[in-house]
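In the UniProt record's numbering, the protein residues as written are 1 to 110. Shown next, in structure tokens, is the structure this report addresses.
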Amino acid sequence: MRGQDVGTRLGAAEVGAGLGERATLVQFSSAFCQPCRATRRTLAEVAGMVDGVAHVEIDAEAHLDLVRTLRIERTPTVLVLDGDGAVVRRAAGQPRKADVIAALGAAVRD
Numbered sequence: 001m002r003g004q005d006v007g008t009r010l011g012a013a014e015v016g017a018g019l020g021e022r023a024t025l026v027q028f029s030s031a032f033c034q035p036c037r038a039t040r041r042t043l044a045e046v047a048g049m050v051d052g053v054a055h056v057e058i059d060a061e062a063h064l065d066l067v068r069t070l071r072i073e074r075t076p077t078v079l080v081l082d083g084d085g086a087v088v089r090r091a092a093g094q095p096r097k098a099d100v101i102a103a104l105g106a107a108v109r110d
């Protein structure tokens with residue numbers, strides 16, 4: 001997961017759900033994307049392991065304006081937001097669980 005989109009902030013209105021108190025894993029998916037299903041399971045599992053972390057999945061096809069604004073080029077794409085909604089990490093493709101946990105380290109504040 002690489003740092004990109006520094007300075008970009010997303011709120012509940014943009015992602016269509018409440019943000020996590022400490023961090024949010026935002027997943028852009030599409031209906032027939034096989035890696036999206038595995039990514040959904042991984043992110044849900046990691047979010048369940050860390051208090052105050054939420055997982056939000058966004059249908060890329062239904063939110064084209066946001067996809068264009070954030071330059072989402074493929075699914076799955078995962079954005080890691082800190083507690084204030086700032087993007088701290090971004091990854092395209094199916095992430096490994098260890099990489100998601102490491103990326104949360106950059107987002108979660110005690």
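Glycine included, C-beta positions come from ideal geometry on N, C-alpha and C.
In the DSSP assignment, Q27 falls within the unbroken beta strand (DSSP E) covering A23 to S29. The DSSP-derived three-state label of L81 is strand.
Between the C-alpha atoms of P95 and E45 there is a straight-line separation of about 13 angstroms. Note that the C-beta distance between F28 and P76 is below 8 angstroms.
In the structure shown, R74 falls within a coil segment according to DSSP collapsed to helix, strand and coil. Of all alpha-carbon atoms in D51, R22 and H63, the one lying nearest the alpha-carbon of A13 is that of H63.
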